[in-house]
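In our numbering, the protein residues as written are 87 to 216.
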DNA sequence: AACTGGGCTAAAA
DNA sequence: CTTTTAGCCCAGT
């Protein structure tokens with residue numbers, strides 16, 4: 087006998103699944119590099135869902151994921167700018183964390199030509215793993 | 001079943 | 001180079 091429960095629990099699991107993919111992809115961004123929301127969405131297998139990446143990063147568990155930190159602050163928008171309002175607490179926190187790892191932030195801007203993560207094949211395979 | 005507003009974006013100006 | 005425009009997707013209400 088077969089019971090397919092399309093329950094709320096199941097739905098919740100699917101919802102989290104996308105968040106988890108996003109967190110894992112963000113964990114693959116190397117120290118000192120940044121990526122855009124859209125780039126993370128693409129790498130996570132969720133093309134077109136840049137905004138979901140923003141939401142997922144706002145929902146990162148306090149202790150990280152699977153015992154590792156999720157470097158949410160390495161994700162900025164496609165223009166190379168921090169998306170939080172300049173001067174806000176969030177903005178300052180993100181900028182400080184980036185500068186702590188040698189990423190140069192001028193105003194709200196990071197020079198993508200210099201600091202954007204460009205994963206090679208090996209790195210991509212690694213993220214597809216877990 | 002609308003409706004809204006986001007840690008967005010590509011393209012145009 | 002920067003800013004604006006017009007989509008976009010989706011979770012929460």
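No residue lacks a Cβ here, since even glycine has one placed at the ideal position from N, Cα and C. Since the model is a prediction, treat every value here as computed from it, not as a measurement.
Could you tell me the boundaries of the alpha helix (DSSP H) in which residue i lies?
| i | result |
| --- | --- |
| residue 186 | 175–186 |
| residue 126 | 123–129 |
| residue 139 | 136–144 |
| residue 199 | 198–201 |
Buried or exposed for residue i, please, with buried defined as at least 16 other CB atoms from any protein chain shown within 10 angstroms of its CB.
| i | result |
| --- | --- |
| residue 191 | buried |
| residue 105 | buried |
| residue 107 | buried |
| residue 97 | Low local confidence applies: a pLDDT of 49 at residue 97 is under 50, so the model's placement there is unreliable, and no value is given. |
| residue 179 | exposed |
| residue 195 | exposed |
| residue 207 | exposed |
| residue 181 | buried |
| residue 211 | exposed |
Please work out which residues of its chain come closer than 8 Å, Cβ to Cβ, to residue i, disregarding the five sequence neighbours upstream and downstream, and give them in chain order.
| i | result |
| --- | --- |
| residue 201 | 118, 119, 120, 189, 190 |
| residue 197 | 166, 190 |
| residue 142 | 104, 105, 108, 109 |
| residue 138 | 104, 108, 127, 132 |
For residue i, which residues of its own chain have a beta-carbon under 7 Å away from its beta-carbon, when the five flanking residues on both sides are left out?
| i | result |
| --- | --- |
| residue 209 | 114 |
| residue 176 | 170 |
| residue 159 | 180, 183, 184 |
| residue 162 | 120, 122, 168, 169, 196 |
Is the beta carbon of residue j closer than 8 Å to that of residue i?
| i | j | result |
| --- | --- | --- |
| residue 112 | residue 147 | no |
| residue 124 | residue 164 | yes |
Under 6 Å Cβ to Cβ from residue i, same chain only, skipping five residues before and after it: list those, please.
| i | result |
| --- | --- |
| residue 134 | none |
| residue 92 | The predicted model places residue 92 with a pLDDT of 42, which falls under 50 and marks its position as unreliable; any figure quoted below should be read in that light. So no residue of the chain qualifies. |
* **the segment 123–133 / the segment 144–158 touching (three or more Cβ pairs under 8 Å)** => no
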